[in-house]
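In this note's numbering, the protein residues as written are 3 to 714. Ideal Cβ placement from N, Cα and C applies to all residues, glycine included. Okay, so here's the structure we're looking at.
Structural data, given as structure tokens:
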């Protein structure tokens, strides 16, 4: 059998580019004459912008540090061992770049086993061990601390999580086995399953303490010093740590059942990670940690060799890396400064935009509309949202006053926009209306001002075609709700120049949005794919398949909501408008559904009603059912799914041929950040590749083998 050192040496050879974390051991005397103490500090030698991770060589370094303190403890030279991180960072878990390189199940098994073998030595030392969570701790960073006897946490800690399920893994270095045995199954399920599946929600220091993960909490400024004073008190016996007894009865089973219900509602059985984690938590009820660790090793290895994890890592890298360096964006040195923003329109979308520009840019923002009542309502909305932020303690009174002072509304565009650098319109989605607005704005705006449109489907080039300076018009398409969805489709019109485009990207970055450059093609990226997707669902309903079958057919994708619930969110009228726009451009692929038209004409907000007696589950509205005119072609769920996925694969193939975006990666980035498509799908193209749809429809994969999949 291989030793831990041999396992890690083999793994390190597979991963020569690891950013290696060292584990420095230093010694000092604890206060109150308690004795000599060893402190291990995890540090990769970079500042906080490159968080500390655990690859194979890093684990080997920690293993060597434990060799040293183990000998000291055995010889009675030290009274305790602590572990902490560099400034602002404790450790953020396994190095995922190394995980991507693994090609065999036994290599993956070695990673799980290697981590366990090193971490569990901390609980086996002859002296008590202490983890000091001084900064960001995630995944394996959290787990190394769970193996210690005691834990403290900094009040200033900004992010603490076990995000593995979000990515398609399980907490595999002790998290699934130890956490429920420490804080109870219900709280553990909340941290491991619920937070992960809620877009990787993070805990703050105070919550870590309140959950019972940490035994003490101290201010950030002198956190380590206070932790060491507390450590001395614990070792001396002046402080005893009482932990509530864990309920191993029915409460444990109920917590696991609740976790399964959460997983079902989020991924509909489409991704295995949450269910594997829950199996381990369920089995950990008897407190046998080693059995739990063995189960974690197996789950980790199985999932590392599965497509969902590879898709999850791919998606994570898209959002973290590609999203921050948009493909095709011009040189940022061409961008012009933006010191004042104009918003045409004061409806809900325009008001949301005004609030976003105000909060992120902190420059004057002026709204205009056709009458004073609308202008006042728009400014009132922004003021109301600032008051909410103040009430929640997110901003102080001075900042609230300053932000309110920066937003204004006028009727006269000449008065409002004469000194604006960036003017965005959010008016009715009608070409003639938008052209008229831009003509009025161009007449009064300074020559350098960018004219941006929030259109969701109309041609930016056509909108700019009647202007004297069409080169400064750019598409700036946000997704609703603006505060929640990160995507911003930046559309280059035929005449848009590089300076205008660079300014648009510069503004997007300040707005903290994920910007993707798209060609001026009908409905750009997200709306074109979603309309094809929804259109095919609508087609099979029109032809005769039941609404229920059509909806259930795509459940295995694990989308955030079903197609017709999404239609309700978007609004049937907007859905119809986009499908009409695309029908004019591509009549052979985009039909306008007569049933959707009937629903819109009847003024219905969607296909469903929600009754309290049915637990607010969606039920087909009897009035909508009466409107539906269907044919007699009835398909099975599988046939519907094949048709929908084939249509989407065909559309993406055509979009890439047309050069709507630079690469398939941009399509996936758009769907993840603009439509909330799951990480375990990798957006959509890895899923289409994995299911064989890409080759069936287009004769080739979208992504090379090894990209979002296990290397060949």
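**Study point:** Buried or exposed by the 16-neighbour rule on C-beta atoms within 10 Å, applied to residue 50
**Key:** Residue 50 should be labelled exposed.
Exercise for review: Since I believe residue 84 is in contact with residue 121 (beta carbons under 8 Å), could you give me their beta-carbon distance rounded to a whole number of angstroms?
Suggested key: Contact doesn't hold; Cβ gap of about 15 Å is too wide.
Review point. What whole-angstrom Cβ distance do residue 715 and residue 485 have, given they're in contact under 8 Å?
Key: An answer regarding residue 715 cannot be provided, because it is not within the stretch 3 to 714 covered by the chain.
Exercise for review: Please report the residue range of the alpha helix (DSSP H) in which residue 270 lies.
Suggested key: Segment: none, residue 270 is in no alpha helix (DSSP H) and carries neither H nor E.
Practice item. Mind reading off the beta-carbon distance from residue 154 to residue 135? Whole number of angstroms is fine, and I expect it under 8 Å. Key: Correct: roughly 7 Å between the Cβ atoms.
Review point. What residue from 123, 535 and 511 has the CA that sits closest to residue 331's CA?
Key: It is 511.
Review point. Just the Cα atoms here: how many angstroms apart are residue 59 and residue 323?
Key: A direct Cα-Cα distance of roughly 24 Å separates residue 59 from residue 323.
Review point. Can we say the segment 165-182 touches the segment 195-206, given the rule of at least three CB pairs closer than 8 Å?
Key: In this structure the segment 165-182 lies against the segment 195-206, because at least three pairs of beta carbons, one per stretch, are closer than 8 Å.
Review point. What are the complete beta strand (DSSP E) segments, minimum 3 residues, inside the segment 511-597?
Key: Counting whole runs of 3 or more residues, the segment 511-597 contains the beta strand (DSSP E) stretches 516-521.
Point to revise | residue 294 CB to nearest heavy atom of the ligand SAM below 6 Å | key: Here there are no bound small molecules, and the ligand SAM is not part of this structure.
Practice item. Check each candidate in 561, 609 and 533 and name the one with the smallest Cα separation from residue 578. Key: If you compare the alpha carbons of 561, 609 and 533 with that of residue 578, the shortest gap goes to 533.
**Study point:** Between the CA atoms of residue 13 and residue 100 - distance to the nearest angstrom
**Key:** Those two C-alpha atoms are separated by around 9 Å.
Check your understanding: Could you give the uninterrupted runs of the alpha helix (DSSP H) lying entirely in the segment 400-460, keeping only those of 4 residues or more?
Key -> The segment 400-460 contains, as complete alpha helix (DSSP H) runs of 4+ residues, the segments 415-419 and 433-446 (chain order).
**Study point:** Backbone CA spacing between residue 265 and residue 694 [nearest angstrom]
**Key:** Their backbone Cα atoms lie some 26 Å apart in a straight line.
Check your understanding: Mind pulling the beta strand (DSSP E) runs of 3 or more residues that sit fully within the segment 140-201?
Key -> Fully enclosed beta strand (DSSP E) runs of 3 or longer: 152-156.
Practice item. Please state whether DSSP places residue 344 in a helix, a strand or coil. Key: Look at residue 344 here: in three-state DSSP terms it is strand.
Point to revise | Under 7 Å between C-beta atoms of residue 311 and residue 141 | key: Pairing residue 311 with residue 141 gives a Cβ-Cβ distance that is not under 7 Å.
Check your understanding: What residues are listed by DSSP as bridge partners for residue 82?
Key -> Its beta-bridge partners are 39.
Practice item. Tell whether a beta-carbon distance below 7 Å holds between residue 226 and residue 189. Key: Contact: no.
Exercise for review: Provide the residue span of the beta strand (DSSP E) that contains residue 477, from first to last.
Suggested key: Here the beta strand (DSSP E) through residue 477 covers 475-480.
Review point. In terms of residues, what are the limits of the alpha helix (DSSP H) holding residue 666?
Key: Per DSSP, residue 666 belongs to the alpha helix (DSSP H) from 666-677.
Check your understanding: So what's residue 367 in DSSP terms, helix, strand or just coil?
Key -> In the displayed model, residue 367 falls within a strand according to three-state DSSP.
**Study point:** Beta-bridge pairing of residue 31 - partner residues as DSSP gives them
**Key:** Per DSSP, 38.
**Study point:** Nearest neighbour of residue 540, chosen from 595, 615 and 675 [CA to CA]
**Key:** Closest option to residue 540, Cα to Cα, is 595.
Point to revise | Close beta carbons around residue 668, own chain, < 7 Å, minus the five adjacent residues each side | key: Closer than 7 Å at Cβ, skipping near neighbours: 329 and 518.
**Study point:** Top-ranked residue by Cα proximity to residue 639, from 697, 567 and 546
**Key:** It is 546 whose Cα lies nearest to the Cα of residue 639.
Exercise for review: Using three-state DSSP, classify residue 624 as helix, strand or coil.
Suggested key: The answer is helix: DSSP assigns residue 624 an H, G or I state.
Check your understanding: Are the beta-carbon atoms of residue 565 and residue 536 separated by less than 7 Å?
Key -> It is a contact, given that the beta carbons lie within the stated cut-off.
**Study point:** Spatially closest choice to residue 647 from 70, 365, 17 and 688, by CA coordinates
**Key:** For the residues 70, 365, 17 and 688, the minimum Cα distance to residue 647 belongs to 688.
Check your understanding: So what's residue 24 in DSSP terms, helix, strand or just coil?
Key -> It is a strand residue.
Check your understanding: Could you give the residue range of the alpha helix (DSSP H) that holds residue 491?
Key -> Residue 491: not part of any alpha helix (DSSP H); member of the beta strand (DSSP E) spanning 489-494, first to last residue.
Practice item. Grab me the residues of residue 592's own chain with a C-beta within less than 8 Å of its C-beta, minus the 5 sequence neighbours each way, in chain order. Key: Contacts found: 533, 534, 537, 581, 584 and 585.
Check your understanding: If you drop the 5 nearest sequence neighbours on each side, which residues of the same chain put their C-beta closer than 6 Å to that of residue 314?
Key -> When the five nearest sequence neighbours on each side are left out, the beta carbons in the same chain lying within less than 6 Å of the beta carbon of residue 314 are those of 169, 170, 681 and 682, in order along the chain.
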